[in-house]
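S.K.: In my numbering, the protein residues as written are -5 to 137.
In this text, a Cβ means the ideal position worked out from N, Cα and C, and glycines have one as well.
Sharing a structure here in structure tokens format.
Okay, here's the thing in structure tokens:
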């Protein structure tokens, strides 16, 4: 695309074309099922952003994915391959829940930071397993 449009225009054009292609493929699939693609996309947008409750629900469900994506971006910037972000998040959530249930009688200003640290430790332990195997046994961290 850079040869046709130039490097300055091709940069933003590639993601835009990819999004339009995804919408076109989705519309073709919806049409193949016998439904109107515009009605389907309108229902999708209204369900995700239609009112304040829908927007809050969308934000609530997107936040863990955004946090995992941010963590993976940090790993990639450090030239480290990390495809276990979801598992690390789940391990952190399990340890956070365990600590919250175990120490639930503590005052909130003490309990909340403790639960957050427990979540970070749980994710770090889960992520350290392939790290140690790579460092000390030369095992491929992706497998």
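#1: Verify whether the separation of the beta carbon atoms of residue 124 and residue 65 is less than 8 angstroms.
#2: Please say whether residue 58 and residue 83 have beta carbons closer to each other than 8 angstroms?
#3: Cβ-heavy atom distance between residue 30 and the ligand MN below 7 angstroms?
#4: Does the distance from the C-beta atom of residue 105 to that of residue 94 stay below 8 angstroms?
#5: Taking the Cβ atom as the reference point for each residue, do residue 116 and residue 85 lie within a distance shorter than 8 angstroms?
#6: So for residue 138, helix, strand or coil by DSSP?
#7: In angstroms, rounded to a whole number, what distance separates the CA positions of residue 81 and residue 136?
#8: Please report the distance separating the alpha-carbon of residue 19 from that of residue 5.
#9: Would a C-beta distance cut-off of 8 angstroms place residue 96 and residue 113 closer than the cut-off?
#10: If you draw a straight line from the C-alpha of residue 16 to the C-alpha of residue 63, how long is it?
#11: Go to residue 131, then tell me how far its alpha helix (DSSP H) extends in each direction, as first and last residue.
#12: Mapping the DSSP letters down to three states, classify residue 10 as helix, strand or coil.
#13: Please classify residue 29: does DSSP put it in a helix, a strand, or coil?
M.R.: From the atom records:
#1: As a position in the chain shown, residue 124 is number 130, starting the count at 1. As a position in the chain shown, residue 65 is number 71, starting the count at 1. Not in contact: residue 124 and residue 65 (Cβ atoms no closer than 8 angstroms).
#2: The count along the chain shown starts at 1 and reaches residue 83 at position 89. The count along the chain shown starts at 1 and reaches residue 58 at position 64. It is a contact, given that the beta carbons lie within the stated cut-off.
#3: Absence of the ligand MN from the depicted structure is noted, as is the absence of any ligand whatsoever, leaving it without description.
#4: Residue numbering aside, residue 105 sits at position 111 when the chain shown is read from its first letter. Residue numbering aside, residue 94 sits at position 100 when the chain shown is read from its first letter. Cβ distance < 8 angstroms, so residue 105 and residue 94 count as in contact.
#5: Mapped onto the chain shown, residue 116 falls at position 122. Mapped onto the chain shown, residue 85 falls at position 91. In this structure, residue 85 lies closer than 8 angstroms to residue 116 by Cβ.
#6: Beyond the ends of the chain as shown, which are -5 and 137, falls residue 138; an answer cannot be given.
#7: For the purposes of this step, residue 81 is taken as residue 87 along the chain shown, with counting starting at 1. For the purposes of this step, residue 136 is taken as residue 142 along the chain shown, with counting starting at 1. Their Cα atoms are separated by approximately 13 angstroms.
#8: One-based indexing of the chain shown puts residue 19 at position 25. One-based indexing of the chain shown puts residue 5 at position 11. Distance between residue 19 and residue 5, taken at the CA atoms: about 22 angstroms.
#9: Within the chain shown, the letter at position 102 stands for residue 96. Within the chain shown, the letter at position 119 stands for residue 113. The answer is no: Cβ separation not under 8 angstroms.
#10: Reading the chain shown from its first residue, position 22 is the one you call residue 16. Reading the chain shown from its first residue, position 69 is the one you call residue 63. Rounded to whole angstroms, residue 16 to residue 63 spans 21 angstroms at the Cα level.
#11: In the chain shown, residue 131 corresponds to position 137, counting from 1. Counting along the chain, the alpha helix (DSSP H) containing residue 131 begins and ends at 102 to 131.
#12: Here residue 10 is taken as the residue at index 16 of the chain shown, counted from 1. Helix.
#13: In the chain shown, the residue the question calls residue 29 occupies position 35. Coil.
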